[in-house]
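Shown next, in structure tokens, is the structure this report addresses.
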Amino acid sequence: MITDVVIAGGGPNGLMLACELSLAGVRPLVLERLPEPSQEPKANGLLGQVVKMLDHRGLHERLSGSPEPPRPNSAYFMFGAMGLDLSLLADSPVYALPVPQRRIVQVLEDRAIELGVEIRRGHEVVGLSQDDDAVAVDITSPDGEYHLRARYLIGADGAHSATRKLSGIGFPGVTYDRMTVRSAHATVPADWVDPANGALNVPGYGPVIPFLPHRTEQGGFSYAPMPGHPPLVTTTEWDQPATDAAMSLEELRASIRRVLGVDVPLGPPNGEGPHALRRLTGGNTRVAERFAHGRVFLIGDAAHVYAATGGGPGLNLGLQDAINLGWKLAAEIRGSAPPGLLSTYETERRSAAHRMVLNAQAQSALIAPGSDVTGLREVFSELLRDPNTVRRLAELTAGADVRYDMSEDVAEDIGEDVGENMGGPKPHPLIGRFAPNLELHTPTGPVRLAELTRTARPLLLDLTEGASLARTPALRHDQVDIVTAHPQPHAPTALLLRPDCYVAWASASPQPDSAEMESLRAALQRWFGPM
30 MITDVVIAGG
40 GPNGLMLACE
50 LSLAGVRPLV
60 LERLPEPSQE
70 PKANGLLGQV
80 VKMLDHRGLH
90 ERLSGSPEPP
100 RPNSAYFMFG
110 AMGLDLSLLA
120 DSPVYALPVP
130 QRRIVQVLED
140 RAIELGVEIR
150 RGHEVVGLSQ
160 DDDAVAVDIT
170 SPDGEYHLRA
180 RYLIGADGAH
190 SATRKLSGIG
200 FPGVTYDRMT
210 VRSAHATVPA
220 DWVDPANGAL
230 NVPGYGPVIP
240 FLPHRTEQGG
250 FSYAPMPGHP
260 PLVTTTEWDQ
270 PATDAAMSLE
280 ELRASIRRVL
290 GVDVPLGPPN
300 GEGPHALRRL
310 TGGNTRVAER
320 FAHGRVFLIG
330 DAAHVYAATG
340 GGPGLNLGLQ
350 DAINLGWKLA
360 AEIRGSAPPG
370 LLSTYETERR
380 SAAHRMVLNA
390 QAQSALIAPG
400 SDVTGLREVF
410 SELLRDPNTV
420 RRLAELTAGA
430 DVRYDMSEDV
440 AEDIGEDVGE
450 NMGGPKPHPL
460 IGRFAPNLEL
470 HTPTGPVRLA
480 ELTRTARPLL
490 LDLTEGASLA
500 RTPALRHDQV
510 DIVTAHPQPH
520 APTALLLRPD
530 CYVAWASASP
540 QPDSAEMESL
550 RAALQRWFGP
560 M
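Heads up, the final residue of the sequence shown is numbered 560 in the numbering used here, and it's a clean run with no missing numbers.
Here it is as structure tokens:
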């Protein structure tokens, strides 16, 4: 059998990639080794840029259960178990979507099936080899072993990725073996919960703000009352003795006593499960040596894993890997990709992954035990009164500080600005950034920019006076949709969006001059091929 794309892994990342490929006209085959979706409690939600991205694909409403678009968190968030006062910011970059991972898988699987994706459960990749034209994949299934040839194989099969191992791609990084994390869904005394703000008022310790980890010199504690579920109570300790005993609520109570210095009575969780009751020792922060090897690509945990950062960084980053890769791989398969397009997947997503490494390492340092760390935190807390510091850390946590290099020669340097040291006018600040939130007035009525990107096609948004770009025949590209809208105060006058909703070109001129028109033509050809 021959197929265009085989995706090893039917979790959120593999399913997201399957949806993206299908929107671009490529029908992938998804292989998932588990016979049924896992019911194990994992991630409790999504954070940052990926929440906005899901809105741009029409998936936010399905996941949230509300037709309202995502709203930023303007109250508080966390960094290294320290509060970020987001009210200091005029516009918060932190978006959150509380939804359990099993629901994310269900929604993405339903959407993939709607788009015609075939999903084979109980099928696992056990061998592969590749040549210049295809990847030969060996697969086991409930009916025995079989073989496929695919033009491309995608490893979306998690941190222990068989695809990565079979491809010979290394997975260097750091293992943290001193840390023990205990978590359980449990009930707490109802009269301890502040009805005004949801804080858990612990006698002898004080209020514990929900979802905000608390760090003491003995460890960490958090209380997360997820909507519709019993609270998730978690502790973190260092240098705990090893044990083979089954995890229990009593073990968690003893851990809380050591961390907070007081008792917190925990009861069994209410309602139907599955409920968390787990002990995890150690953790890893690792990034694959390569995200691509020949015709094999890695996304999600197969490419990177992170420890001790909070906020579900792996899932948030992995979904964006899928969205970045999907349109580029589809263009390559269709034969419409310009030279070098597919290689930008590794360049761009490795930059984002290394940014998350920085995030993980900084937060790990700030939550470690010891009086020296306490001193560091006291100094750090003073810096957190500065709105500029809060914004930098909030953008780092949310992934909103990611800026891709959109120049012709894609830079390897993570933080290099487009056009830096290249001479000429400074490029528009939106270039390389995720699309802004815009409310548009089009000839057919008002619409949000996010509603124009549901088809995952490139988009040229023309807000110039008289729609001058849309009326220029030389700018028409058969791969790009053009939408006109009325000019807006303090908004860009034109945007070229890639299918992943990152800005490839932008202008603030009411009537772009010849130099800007030439740069637009160059961007169209750079990302979407000859005109």
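C-beta: ideal position from N, C-alpha, C; glycine also.
Between the segment 205-214 and the segment 357-365, the count of Cβ pairs shorter than 8 Å is below three; the stretches do not touch. Taken through DSSP and simplified to helix, strand or coil, Ile352 comes out as helix. Sixteen is the threshold: when 16 or more other Cβ atoms of the shown chains lie within 10 Å of the Cβ of Glu138, as they do, the residue is buried. By the neighbour-count definition (other C-beta atoms within 10 Å, threshold 16), Asn353 is a buried residue. About 7 Å separates the Cβ atoms of Phe557 and Pro367, confirming a contact at the 8 Å cut-off. Here Pro256 has Pro127 as same chain residues with Cβ atoms under 7 Å from its own Cβ, once five neighbours each way along the sequence are excluded.
At least 9 Å separates the beta-carbon of Ser284 from that of Gly311. DSSP places His333 within a strand segment (E or B) once states are collapsed to three.
Around the beta carbon of Leu229, 16 or more other beta carbons lie within 10 angstroms, which makes this residue buried.
In summary, Thr426 is buried, with 16 or more beta-carbon neighbours lying within 10 Å of its beta-carbon over all protein chains present. Per DSSP, the continuous alpha helix (DSSP H) segment holding Asp84 begins and ends at 78-85. CA-CA distance, Asp120 to Phe240, rounds to 21 Å. Here Ile396 is actually not in contact with Met435; their C-beta atoms are around 36 Å apart, not less than 8 Å.
A direct Cα-Cα distance of roughly 8 Å separates His457 from Ala537. The shortest CA-to-CA distance from Arg62 to any of His85, Phe108, Gly323, His189 is the one to His189. Judged by beta-carbon spacing, Gly187 lies beyond the 9 Å limit of Pro122, meaning their Cβ atoms are not closer than that value.
Per the coordinates, the alpha-carbon of Gly197 lies some 30 Å from the alpha-carbon of Ala391.
Within the segment 379-445, the runs of alpha helix (DSSP H) at least 4 residues long that lie entirely inside it are, in chain order, 400-412, 416-427. Of the candidates Val203, Asp33, Ala275, Ala275 places its Cα closest to the Cα of Leu306.
Within the model, the alpha-carbon separation for Glu411 versus Asn226 is close to 25 Å. Only residues of its own chain outside the window of five on either side were considered, and among them Tyr105, Leu241 have a CB closer than 7 Å to the CB of Gly112, listed in chain order. Under the 10 Å beta carbon count, Lys455 is surrounded by fewer than 16 other beta carbons and is classified as exposed. Separation of Tyr433 and Tyr124 (C-alpha to C-alpha, rounded to the nearest whole angstrom) is 20 Å.
Counting C-beta pairs with one atom in each stretch, the segment 145-165 and the segment 39-53 have three or more that are closer than 8 Å, which means they touch.
Leu278 and Asn73 have their alpha carbons spaced roughly 20 Å apart.
Contact between Ala464 and Leu524 is confirmed by a C-beta separation of about 7 Å, below the 8 Å threshold. Annotation: Glu375 to Ala331 spans about 13 Å, alpha carbon to alpha carbon. Taking C-beta separations shorter than 7 Å and ignoring five residues to either side along the sequence, the partners of Arg244 in its chain run Ala110, Ile396, following chain order. Spatial neighbours of Arg193 in its own chain (CB-CB distance under 7 Å, excluding positions within 5 residues in sequence) are listed in chain order as Gly184, Phe200, Ala317, Leu327, Ala331. Separation of Arg378 and Asp172 (C-alpha to C-alpha, rounded to the nearest whole angstrom) is 37 Å.
Asp529 is classed as buried because its beta carbon has at least 16 other beta carbons within 10 Å across all chains shown. Val509 is not a Cβ neighbour of Leu492, given a cutoff of 9 Å. Approximately 6 Å separates the beta-carbon atoms of Arg178 and Ala165; this is inside 8 Å, confirming the contact. Inter-residue distance for Arg282 and Thr263 is about 10 Å (C-alpha atoms, whole angstroms).
Taking the Cα of Thr484 as reference, the smallest distance to any Cα among Arg86, Arg56, Pro57, Leu60 is reached at Arg86. Counting the other Cβ atoms within 10 Å of the Cβ of Val408 gives fewer than 16, which makes it exposed.
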